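Encoded as structure tokens, the structure appears first; notes follow it.
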Amino acid sequence: MELFWWFALPVAAGTFYGCYFWNQRHAQPDWLRLPTRADYLHQHPECAIDDELGTRCCACGSDKVLGHPQTGWPDHRFRHTCLACGKALFRTEEPPI
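In structure tokens:
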């Protein structure tokens with residue numbers, strides 16, 4: 405039984421470590437590279453539309469922009485992506501509940 409713990413504990417710790425750092429590596433850099441909505445509209449003033457929350461894509465001009473959570477459902481950080489061309493446009497953040 406002791407041999408089992410010598411094997412199972414490092415495997416469980418390695419799995420947890422790998423999942424945690426995979427999430428950090430793949431989710432955080434993307435988030436920090438994207439401009440905020442205000443910066444995006446400052447760089448592309450032609451992309452502003454009448455709707456307060458809406459914008460247009462700077463690449464294709466589509467107004468179909470979808471905001472989805474950065475890492476999953478409980479995340480309050482949103483990445484806004486154009487549905488027509490798939491380009492990641494900007495980020496927004498809502499205060500956590």
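One gets this note's numbering by counting positions in the sequence shown from 1 and adding 404 to each. All C-beta atoms in this analysis are idealised placements derived from N, C-alpha and C, irrespective of residue type, glycine included. Just so it is clear, the structure is predicted and the values come from calculations on it, not from any experiment.
Give me the Cβ distance between R495 and T440, rounded to the nearest whole Å; I'm assuming they're in contact under 8 Å.
For this step, residue 495 is matched to residue 91 along the sequence shown. For this step, residue 440 is matched to residue 36 along the sequence shown. Indeed, because the Cβ distance is near 6 Å, the residues count as touching under 8 Å.
Among P499, T485, C489 and E498, the one whose alpha carbon lies nearest that of Y444:
As a working note, residue 444 is residue 40 in the sequence shown. Closest option to Y444, Cα to Cα, is T485.
Backbone secondary structure at L493 - three-state DSSP:
As a working note, residue 493 is residue 89 in the sequence shown. Reduced to three states, the DSSP call for L493 is strand.
My guess is that L438 and V469 are in contact by the Cβ rule of under 8 Å, so how many angstroms apart are they, rounded?
Sequence index remark: in the sequence shown, residue 438 carries index 34 (1-based). Sequence index remark: in the sequence shown, residue 469 carries index 65 (1-based). L438 to V469, Cβ: 13 Å. No contact.
Taking DSSP as the reference, what is the three-state secondary structure of L407?
Taking the sequence shown and counting its residues from 1, the one referred to as residue 407 is at position 3. Three-state DSSP puts L407 in a helix.
Grab me the residues of A488's own chain with a C-beta within less than 7 Å of its C-beta, minus the 5 sequence neighbours each way, in chain order.
The count along the sequence shown starts at 1 and reaches residue 488 at position 84. Here the set comprises C461, C464, S466 and K468.
Tell me whether the beta-carbon of W472 lies closer than 8 Å to the beta-carbon of R481.
By 1-based counting over the sequence shown, the position of residue 472 is 68. By 1-based counting over the sequence shown, the position of residue 481 is 77. In the sequence on display, residue 472 carries His and not Trp. In this structure, R481 does not lie closer than 8 Å to H472 by Cβ.
Kindly indicate which residue of D434, L457 and W435 has the alpha-carbon position closest to the one of A442.
Numbered from its first residue, the sequence shown carries residue 442 at position 38. It is L457 whose Cα lies nearest to the Cα of A442.
Would W410 pass as a contact of Q474 if the rule is Cβ separation under 8 Å?
Here residue 410 refers to the residue found at position 6 of the sequence shown. Here residue 474 refers to the residue found at position 70 of the sequence shown. At a Cβ-Cβ threshold of 8 Å, W410 and Q474 do not count as neighbours.
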